[in-house]
Amino acid sequence: MATRSVVLDTETTGMPVTDGHRIIEIGCVELIGRRLTGRHFHVYLQPDRESDEGAIGVHGITNEFLVGKPRFAEVAEEFFEFIKGAQLIIHNAAFDVGFINNEFALMGQHDRADITQHCSILDTLLMARERHPGQRNSLDALCKRYGVDNSGRELHGALLDSEILADVYLTMTGGQTSLSLAGNASDGNGSGEGADNSATEIRRLPADRQPTRIIRASEDDMARHVARMEAIAKSAGAPALWVQLAEAEAQA
327 MATRSVVLDT ETTGMPVTDG HRIIEIGCVE LIGRRLTGRH FHVYLQPDRE
377 SDEGAIGVHG ITNEFLVGKP RFAEVAEEFF EFIKGAQLII HNAAFDVGFI
427 NNEFALMGQH DRADITQHCS ILDTLLMARE RHPGQRNSLD ALCKRYGVDN
477 SGRELHGALL DSEILADVYL TMTGGQTSLS LAGNASDGNG SGEGADNSAT
527 EIRRLPADRQ PTRIIRASED DMARHVARME AIAKSAGAPA LWVQLAEAEA
577 QA
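Counting from 327, one number per residue, gives the positions in the sequence shown under this note's numbering.
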């Protein structure tokens, strides 16, 4: 069965959570088999306290805007059902997980006050630091590095940031991100100087050509392949898409 992931982000009244700060926005988007499904969870919350000025400067969510919004307890069940059993993909997961655990604890739902008991966590910040040590690995920096459009991100917003993070995660873990079939590009990707991306005439091979030799993989080759696929799955946080599809087909 294909892996179900939920890319998640929160906005808060400030930090740290130990100072009584609360969640004011939750945004989630769903991925199944590394594909966006279109399902999402998004809500603004009344925190029953004011936000710090510094926090408002980051996310732009004013205290006045949150008047009349639901409290966490009113959406807790729907939110939990959305994330339950999923792999949560979060940038700087310790921050968001700490706030989510705190919200459930304040409700007295101690069985849910550690969401790692109900979901697995993939922290894209830790992943980025491993892949790009010594470099800036904020979400904006990763967007620039991987060519993800974040031009609409003037302020932080939980739903927008989760959508952007989904694109960054898929790009960061997807290997090759573009494919060109142009055969005369100087840099081999169809975009070099002198590249001609126009359609070229199909060249037919002669019918009497010598058959191509078929070399089948040995047992050692297959063992090395399996080991390599397991290493890729560990690095990406999920099996390759074709592996997920094969498993889903086998279980159908």
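By construction, the Cβ of each residue, glycine as well, lies at the ideal position given by its N, Cα and C atoms.
Cβ-based neighbour list, residue i, same chain, cut-off 7 Å, excluding 5 preceding and 5 following
| i | result |
| --- | --- |
| Tyr-472 | Val-494, Thr-497 and Met-498 |
| Val-333 | Cys-354, Val-355, Leu-357, Ile-415, Ser-488, Leu-491, Ala-492 and Tyr-495 |
| Lys-395 | Tyr-370, Leu-371 and Gln-372 |
| Phe-405 | Ile-352 and Phe-367 |
| Ala-467 | none |
| Ala-381 | Thr-338, Thr-339 and Gly-340 |
| Asn-476 | Asp-466, Cys-469 and Ile-490 |
Residues of its chain near residue i, where Cβ-Cβ distance is below 6 Å and the 5 sequence neighbours each way are ignored
| i | result |
| --- | --- |
| Pro-373 | Thr-339, Arg-348 and Ile-350 |
| Ala-328 | Ile-358, Gly-359, Gln-570 and Ala-574 |
| Asp-335 | Gly-353, Ala-484, Asp-487 and Ser-488 |
| Gly-424 | Val-343 |
| Asp-422 | Thr-336 and Ile-416 |
| Arg-365 | Glu-356 |
| Cys-445 | Ile-409, Ala-412 and Leu-414 |
Option nearest residue i by Cα separation, candidates the options
| i | options | result |
| --- | --- | --- |
| Phe-356 | Lys-410, Ser-377, Ala-566 and Pro-396 | Phe is not the amino acid found at residue 356; the sequence shown has Glu there. Checked all of Lys-410, Ser-377, Ala-566 and Pro-396; the closest Cα to Glu-356 is Lys-410. |
| Trp-568 | Val-332, Gly-346, Arg-361 and Leu-451 | Arg-361 |
| Ala-402 | Ile-415, Gln-435 and Leu-392 | Gln-435 |
| Gln-443 | Gln-413, Ala-572 and Val-369 | Gln-413 |
| Leu-389 | His-482, Ala-492 and Arg-375 | In the sequence as displayed, the identity of residue 389 is Asn instead of Leu. Here the closest residue by C-alpha is Arg-375. |
| Arg-330 | Phe-408, Ser-377 and Met-341 | Phe-408 |
| Leu-451 | Arg-462, Cys-445 and Ile-441 | Arg-462 |
| Gly-346 | Cys-469, Leu-432 and Phe-391 | Leu-432 |
Same chain, Cβ closer than 8 Å to residue i, neighbours up to 5 away in sequence not counted
| i | result |
| --- | --- |
| His-458 | Arg-471 |
| Thr-503 | Note that Thr-503 scores a pLDDT of 43, beneath 50, so its modelled location is shaky; the value from the coordinates is reported in the next line. Here the set comprises Tyr-472, Gly-473 and Thr-497. |
| Asp-449 | Ile-416, His-417, Asn-418, Ala-419 and Ala-420 |
| Met-555 | Pro-565, Ala-566 and Val-569 |
| Val-393 | Gln-372 |
Assumed close pair residue i, residue j - CB separation to whole angstroms, cut-off 8 Å
| i | j | result |
| --- | --- | --- |
| Ala-439 | Phe-430 | 5 Å |
| Ile-441 | Asn-427 | 6 Å |
| Ala-566 | Ala-559 | 7 Å |
Paired residues, beta bridge with residue i - DSSP
| i | result |
| --- | --- |
| Val-332 | Glu-356 and Leu-414 |
| Leu-485 | Paired residues: none, contrary to the question. |
| Leu-338 | In the sequence as displayed, the identity of residue 338 is Thr instead of Leu. Ile-349, per the DSSP bridge assignment. |
| Leu-362 | Leu-357 |
| Tyr-370 | Glu-351 |
Which runs of the alpha helix (DSSP H) fall wholly inside the segment 432 to 468 and span at least 4 residues, in chain order? 450 to 457
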